[in-house]
Structure formats: C-alpha cells, structure tokens
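Respectively, the protein sequence lines represent chains A and B. Taken in order, the first sequence gives residues 5 to 359; the numbers are from our numbering. Taken in order, the second sequence gives residues 5 to 359; the numbers are from our numbering. The beta carbon of each residue, even a glycine, is placed where N, CA and C say it ideally should be. Note that the coordinates shown come from a computational prediction; the quantities given were computed from them, not determined experimentally. Heads up, the thing below is written out as structure tokens.
2 protein chains.
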Amino acid sequence: MAKVPPDDLLQTVLRSAPRERLGTTRSRMEDVARLAGVSTATVSRALRQPDRVSPAVRARVDEAVERLSYRRNLMAGALASARSMTIGVIIPSMINSFFSATVEAMEEGLEGSGYQLLIGNSRHSMEIEERLVASVMAWSPAAIVLTGRRHSRETIRMALDADIPIVEMWELSDHPIDTIVGFSQRAAGRIVVRHFAERGARKLGFIGAMLDRDYRAVDRYAGFVEAAAEAGFAPPVEYRFEKRASAIGGSEALRALMAQHPDVDAVFCTNDILALGGLFEAQRQGWSVPGRLRICGFGDLEFAAASEPALTTVRPPRGAIGTKVAEVLLSRLGGKPAGQTIFDLGFELVARGST
Amino acid sequence: MAKVPPDDLLQTVLRSAPRERLGTTRSRMEDVARLAGVSTATVSRALRQPDRVSPAVRARVDEAVERLSYRRNLMAGALASARSMTIGVIIPSMINSFFSATVEAMEEGLEGSGYQLLIGNSRHSMEIEERLVASVMAWSPAAIVLTGRRHSRETIRMALDADIPIVEMWELSDHPIDTIVGFSQRAAGRIVVRHFAERGARKLGFIGAMLDRDYRAVDRYAGFVEAAAEAGFAPPVEYRFEKRASAIGGSEALRALMAQHPDVDAVFCTNDILALGGLFEAQRQGWSVPGRLRICGFGDLEFAAASEPALTTVRPPRGAIGTKVAEVLLSRLGGKPAGQTIFDLGFELVARGST
DNA sequence: TTGAAAGCGCTAACAG
DNA sequence: CTGTTAGCGCTTTCAA
Chain A
5 MAKVPPDDLL QTVLRSAPRE RLGTTRSRME DVARLAGVST ATVSRALRQP DRVSPAVRAR
65 VDEAVERLSY RRNLMAGALA SARSMTIGVI IPSMINSFFS ATVEAMEEGL EGSGYQLLIG
125 NSRHSMEIEE RLVASVMAWS PAAIVLTGRR HSRETIRMAL DADIPIVEMW ELSDHPIDTI
185 VGFSQRAAGR IVVRHFAERG ARKLGFIGAM LDRDYRAVDR YAGFVEAAAE AGFAPPVEYR
245 FEKRASAIGG SEALRALMAQ HPDVDAVFCT NDILALGGLF EAQRQGWSVP GRLRICGFGD
305 LEFAAASEPA LTTVRPPRGA IGTKVAEVLL SRLGGKPAGQ TIFDLGFELV ARGST
Chain B
5 MAKVPPDDLL QTVLRSAPRE RLGTTRSRME DVARLAGVST ATVSRALRQP DRVSPAVRAR
65 VDEAVERLSY RRNLMAGALA SARSMTIGVI IPSMINSFFS ATVEAMEEGL EGSGYQLLIG
125 NSRHSMEIEE RLVASVMAWS PAAIVLTGRR HSRETIRMAL DADIPIVEMW ELSDHPIDTI
185 VGFSQRAAGR IVVRHFAERG ARKLGFIGAM LDRDYRAVDR YAGFVEAAAE AGFAPPVEYR
245 FEKRASAIGG SEALRALMAQ HPDVDAVFCT NDILALGGLF EAQRQGWSVP GRLRICGFGD
305 LEFAAASEPA LTTVRPPRGA IGTKVAEVLL SRLGGKPAGQ TIFDLGFELV ARGST
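Put into structure tokens, the structure is as follows:
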C-alpha cells in the first residue's frame, strides 16, 4: 500500500492545480485524492463516513487533507447531494433577547456537528417570514426552524414540500407541521392570575405591545383574561400599543392605565421590559410596589432579578428550547425516525418582590 | 418571434422534468429556457442582468419564470461563479443588543439586494471567530463583516486570501484589513471623564465586565483612565469581573466598589446594563443618584431614557453602523472601487439625570 | 472496500 | 443580443 508521497510530490500536486477563479490556491478534493493515492469518491467517503473506508485509507486521506489544509467546498457538495449543511432559522426579532438566547443555545447544541445556521429575522411579520423561508429554501437547507405555530399557507406549503425536518418553537400545538418545541403561552398568562389572586389583588390590569403581530403575547393575554374571569375578577383593564415593547412604552402605558383606572392594583406586562418601565414609573409617581401596585412581567430577562424591587415574572425556557431543538434536529438529521413530535418544556413563575 | 407556448406545452415542460432527488417538482433553468424559447444562458442573463437582453426576451423569460414559479438554485450559481449571494457576518454576541441592532440595520440596508447574511457568533473569542470565518469561507461569501479590529493572524490571512470586500466595524483603525466602519472607543471613554469633571466629580470609579476579551470595552477603559490623568484626577478605582455584563453583576460591583472606596462619587460602567444594576443598588443602599453618586453607562440601551433617574450614557451609532456597512458593501459589490475606507461615525454623550 | 463515470443546476467565456 | 460549450467541485450509483 503506497505511503503518502514525499514533499516534492506535494509541491507538484499544489502546482498542478491553478485556481485562477478563486484568488487563492485552494486545493480540491482531487488534489487530496492524488496525494493520498485514491479516488475522489474514496476521499469523499473517508471524510463523511469514515467507517466506510479502511483504516489505512482513512489515515492517508487524513494526512493528505492535513498537508494540503484542504477544506471541502460545501457548495459543490450541496449541489451534488441536493442537501446542504445549513439549517434555516426564522425568528421574529434579533433584538429581543428571548430568541437570541434560544439561538445561542441552539448554536451550542449544534456545535461540532458541521451544521451552520442561516438566521432570518421576520420582524413579527408572516409575509416576511414567507419571503425568508423562500430564500432559505434556495440553499437546500437540511432543516428549517420556525418561531410560533402560525404561518402563511405558502410558508407551510414550502416547508412541507421541502421534505426536511421542520421544527416550530416557542409555542405548543396539537398539529405541528412536523415537530414543535415550546410551552403553553396561554397557560403562562393564566398562572399570573393565580399568583395575583394569592397575593390578594382585586383589580387587574394588562399592558401589551405589538399585539397585532405578536401572537404569543396575544395567547398570554387570552390566558390572563380567561383565568381572570374564572377566578371571579372583573375583566382586566388594558393598555396596548403598536410599537415594539420598550421600557419607555411601559412607563407611558402604566401612567395612562392608572390615570384612567386608579383602582387597578395588579398589572401584568407581556414583557419584562415593559414591566421595567412600569417599575420606574411607579417610582416616579410614588406608587409603592407591591404595596399600592403589583407588577408582574414575562421573560425573566436578566435584569428582573436585579431590580428594586426585584421583578416577579414568568420564566420561559429560553435556552432549553434551543438546546432541545438542536437535539431533535441532530437526531432527525442523523436518520432517526421522528418519534415524539410535541415537546412541552413548561415555564415557571418566579415570585419576587414586585408582587 | 415565438410567443410563450400555450398551456399544453407548459404541461409537457413540467412533465419532462422529473425531480426525484428533491421531494418536489421544482423547475430548473432549462425548463424556463424551453418554455421561453431561449437558451439557459439567456435566462441566466435575463434574471441577473436584465438590461443585457432584449425587452422582448426579458418579458418572455419573466413570464415563463412566473408560470413555472421558478426559483434559481443559488448553490448551483455559486458553484459556477465561485461567489455566492451570501455575506458572512461575525459578531461577538447575539444577546448583546448592540450588535443585534447593527445586524438588523444591515439587514434592512441589504433588503431587496438578494444578499443573505450568514451570521456567526464568536462569543468574544478570536479562536471562535477564526473557526467561524473558516466555515463561512466554505460558502464562498461575497463579502465578510467582522467586529472589531483585532483578529487572529489566520483570520486575517483567510480574509485577505478570499479577495472579497472585508468590512470591520464598531472600532476605528488606521490600517483596516480593507474597510472599517465605527467610532473611537477610546474617545468614548475620554468624553465621560470630561462630563464627570463638568458635573464636579472628584473621585472616579470604573466598573467593567469581560475585559479580558472585550477589546472595545478595554479601549473605553483606557480612554477613561488616560483622560482622568490628564484632567488631574487620581487614578480611577476599579472593579472588574470575568462574566458577561449583567445588571446583577453591576449591582454587586457597585456594592463592592463603594465598600472599598466610599469616597468615590462618579462611576463609569462600560455597559448600560451594568449601570442599570448600579442604579438599583444605589436605590437599595439609599445612595442618592446623582447627589451622592453619579453613574454613567455606555450604549444608550433603550431603558436608559426610561430609568429613574434617567441614565447618562454614551450613545454609539448602533444602527448607523449597520446602515453604513450595508451601503459600503452594496457599492463595492456593485463593482465600484473602494474609495474611502475609514468611516468614523462618531458617538454622543447623552446627559441625563444620573450624573 | 474502492473506482469510474455521470451528473447536480448554473455561469462564463467565446463565437456568431 | 444570443447560443454553444465547458466546466464549477463534489456526491452517488453501479460495477469491480
């Protein structure tokens, strides 16, 4: 069995491969094959399914790869196999750290697997989501991850047509496109009512942002209202605004809400950042929290534990969702059958000083 | 000149193209060419450089594309041209909303251009950055965007070798790899000293997180210390910690700093989130802000304007950086020569209640 | 276990 | 302005 050739052959191999189109002398699989004394088919196998070639060949290929500092051209591979090492991920917002945290966890879970995330930002719009899915499809992704369970007809059609694993996340559904990893947003809204009731609240308020597009927030709202009715509360008074959730928005909302309904003594904000603004506003107005007013947020963003008073909030499994999505994906992409397709990761009410 | 054929030819075209490898009947450029009665080369031109084909042909191609709902296979195009419609973007953190905001603005600036961002998260590590650049390179990106001006030797080599536009951002440098869009972090640190001096501060403190890896924060620190000396202050006392910036970290840091140095009356936090924690801690401890203690942050994160007291901070051009990067990229990718390669977008000290 | 050969779907000279 | 002709670099039958 031929050994890896000496250095002068290495030189020859390198020289014989002028790469004019790339600005660079980048070696191709053929160079590796020649240096290792095998065919490109074997190199391909050695690289992707090492157990399907003899140990000796594998070693020679590895050495050749090393010496040429060869890196596979993924585009070519993707074209040939009609499948790329790409995973399309569509999230509604990059700035919102809910999804960033999920994506970070997903990246970590996928680390070393060779899969690359192609991240799209739908800005909470189903139309943009559709466009993003369409353009991601042009990359023949190995899988697609969508946020939420509501998508345009066309998005669903494309996803189904692609015949690849589709994972939805951050919500729950009895009929996921394929697999869904999340928790019940509605239940998250409900639990807040129970907590307020336990703390002796009498008149509930609600503050929400972007409810025309953020369906998860709408679900939390629905759960909140529903549970309030069941618990015998009067219908919660509410203040909503179109713009994305912000501390300033939260401050203004609370001020407006209290001006109109001075009897409110417990407010649920669909987002911790709104609650933060509320906390500051209460301080400015001299409303003691939780004495005069109880405030509960959603998200358990990092500052929630640090605020004064510390913020009671619902903690979604931000990182866990990403980790589980990665796990599901790896399993499916590794060829394992679907198995469980609905993963309820739950949530937790973190009671702190603000209620 | 032949018209677009009637429907039965359309049927034939569709039927004659079995796409078994994809789960789907997805048409190829050849189908479009046949239906439009031209060659694939012409279709390719009509799609990518519409002005280089006759209006009549363009119209027929467009119609054929429409009827077949044809979408170009980008992998194939990228392979053939050794250049993809991808732009690699490496940021140090996804959760940090500095960079998320920049990326969002960049996305908006690139909207409609057909370029897709391939986002990598280096977690503030040059080694990870290097790995990410290497794997992004496998996609033959049209350009690369890096954060900061410090990169590993190998990263720089790969970037240079690729012979594509390389944009660094969020810092300034006299010798960018290619082009740099940002502002002077050092100057940002300096201006805080001037502001503190104007407000009558006498003893300066500094709180920083992750200074072993966040070079931008280190530069701000250096500017702060340098300007403090020039202004005749005693060397600022400091508290640093390894973990990523957080409100809790900020609270703890301030408490520790003040315990050791009760004479400090003005603290610069390298990040608004640290300052937020500081604000809450001051409230808990009963230190009036700005009476007993002045606090200045960096970032002008959204909550800074909403807090009580509102937070004085340095506002970096978060969105503007992304917008400018997109503009530079579009120009360069459109074939225009480099021109200006250093873009100083400046920053602004936003004086509010906390100082 | 390995190799030969035939593409994957598109782009890019180069003629015409 | 348009078509012909070669690939881009890899994967994948199918035989050996």
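Stretch-stretch touch, CB-based, cutoff 8 Å, three pairs: the stretch 288-304 of chain A with the stretch 313-324 of chain A: Enough Cβ pairs lie closer than 8 Å, so yes.
Rounded Cβ spacing between B:G253 and B:G227 (contact assumed at less than 8 Å): Actually they are not in contact, since the Cβ atoms of B:G253 and B:G227 sit about 22 Å apart, beyond 8 Å.
Rounded distance between the beta-carbons of B:E242 and B:F210, thought under 8 Å: About 4 Å separates the two Cβ atoms, so the contact holds.
Classification of A:R25 by the beta-carbon crowding that lies within 10 angstroms, buried from 16 upward: With a pLDDT of only 37 at A:R25, under 50, the local geometry of the prediction cannot be trusted, and no value is derived from it.
Below-8 Å beta-carbon distance, A:L83 vs any chain B residue: A Cβ of chain B is located within less than 8 Å of the beta carbon of A:L83.
Per-residue contacts from A:W143 into chain B (C-beta, under 7 Å): L78, M79, listed in chain order.
Pair within 8 Å by beta-carbon distance, A:R62 and A:A50: Their beta carbons are under 8 Å apart, which means A:R62 touches A:A50 by this criterion.
Rounded separation between A:A45 and A:Q53 - CA only: Linking A:A45 to A:Q53 through their CA atoms gives a straight-line distance of about 11 Å.
C-alpha distance - A:V8 paired with A:E67, whole-angstrom precision: Because A:V8 carries a pLDDT of 38, less than 50, the predicted location of this residue cannot be relied on, and the following value inherits that uncertainty. Within the model, the alpha-carbon separation for A:V8 versus A:E67 is close to 8 Å.
Beta-bridge partners of B:I299, as assigned by DSSP: Paired residues: B:V271.
Extent of the continuous beta strand (DSSP E) run through A:R319: Membership of A:R319 in the beta strand (DSSP E) is indicated by the continuous run 316-319.
C-beta neighbour in chain B for A:G281, strict 8 Å: The beta carbon of A:G281 falls within 8 Å of a beta carbon belonging to chain B, placing the residue at that interface.
Cβ-Cβ distance between B:T99 and B:T151 below 8 Å: As written in the sequence, residue 99 of chain B is Ile, which differs from the Thr given in the question. No, they are not a contact pair.
Sequence-distant residues of its chain with Cβ nearer than 7 Å to A:R186 (five each side left out): As written in the sequence, residue 186 of chain A is Gly, which differs from the Arg given in the question. Closer than 7 Å at the Cβ level, and outside the excluded window around A:G186, lie M173, W174, E175, L176, I325, L349.
Distance, A:M79 Cα to B:S60 Cα: The residue you asked about is not Ser; residue 60 of chain B is Ala in the sequence shown. Computed Cα separation, rounded: 34 Å.
Chain A residues whose Cβ lies nearer than 8 Å to that of B:I211: Contact note: B:I211 does not reach chain A at a C-beta cutoff of 8 Å; the least C-beta distance is about 14 Å.
Among A:G323, A:S101, A:A330, A:G193, nearest to A:M121 - alpha-carbon criterion: Reading off the sequence, residue 121 of chain A comes out as Leu, not Met. The shortest C-alpha separation from A:L121 is found at A:A330.
Whole-number beta carbon distance between A:I195 and A:L353, since they are thought to touch under 8 Å: About 5 Å separates the beta carbons of A:L353 and A:I195, which is inside the 8 Å limit, making them a contact pair.
Simplified DSSP assignment, three categories, for A:M141: Taken through DSSP and simplified to helix, strand or coil, A:M141 comes out as helix.
Alpha-carbon spacing of B:S358 relative to B:V107, whole angstroms: Cα to Cα, B:S358 sits roughly 30 Å from B:V107.
Cβ pair B:R224, B:G193 closer than 8 Å: Yes, the pair counts as a contact, with Cβ atoms nearer than the cut-off.
Cβ neighbours of A:E256 in the same chain (closer than 7 Å, five flanking residues each side left out): Within the same chain, A:E256 has no close Cβ partners at all.
Endpoints, the alpha helix (DSSP H) within which B:G238 is located: Reading the sequence as shown, one finds Ala at residue 238 of chain B and not Gly. Counting along the chain, B:A238 falls outside any alpha helix (DSSP H), and DSSP gives it neither H nor E.
Beta bridge counterpart(s) of A:E352 as assigned by DSSP: Note: A:E352 sits in a beta bridge opposite A:R319.
Beta-carbon proximity of B:V65 to B:V93, cut-off 8 Å: Cβ distance not < 8 Å, so B:V65 and B:V93 don't count as in contact.
Cβ-based contacts, 7 Å cut-off: residues of the stretch 101-128 of chain A near chain B: For the stretch 101-128 of chain A, which is checked against every Cβ of chain B, the residues closer than 7 Å are S101, S104, A105, V107, E108, E111, Q120, L122, I123, N125.
Chain B contact for A:I277 (CB, 8 Å cutoff): Interface annotation, A:I277: in contact with chain B, CB-CB separation under 8 Å.
Helix, strand or coil at B:I346 according to DSSP, with G and I counted as helix: Residue state for B:I346 is assigned as strand, using DSSP reduced to three classes.
Near-chain A residues of the stretch 302-320 of chain B - C-beta to any C-beta below 8 Å: Those residues of the stretch 302-320 of chain B that come within reach of chain A (Cβ to Cβ, closer than 8 Å) are E306, F307, A309, A310, S311, E312.
Minimum length 4: unbroken alpha helix (DSSP H) runs contained in the stretch 177-264 of chain A: 189-202, 219-234, 251-264, all fully within the stretch 177-264 of chain A.
8 Å Cβ cutoff, A:S292 in contact with chain B: Not a single C-beta of chain B is nearer than 8 Å to the C-beta of A:S292.
Neighbouring residues, chain A, relative to B:A138 (Cβ below 8 Å): The CB of B:A138 comes closer than 8 Å to the CB of R75 in chain A, given here in chain order.
DSSP three-state assignment for B:T366, whether helix, strand or coil: Outside the displayed range of chain B (5 to 359) lies residue 366 of chain B, so it cannot be described from this structure.
Residues from the stretch 246-260 of chain B in contact with chain A, defined by Cβ distance under 8 Å: Under the 8 Å Cβ criterion, the stretch 246-260 of chain B contributes S250, A251, I252, G254, S255.
B:D182 vs B:V171 beta-carbon contact at 8 Å: Going by C-beta atoms, B:D182 is nearer than 8 Å to B:V171.
Span of the beta strand (DSSP E), counted from its first residue to its last, around B:L305: Run containing B:L305: none; DSSP gives neither H nor E here.
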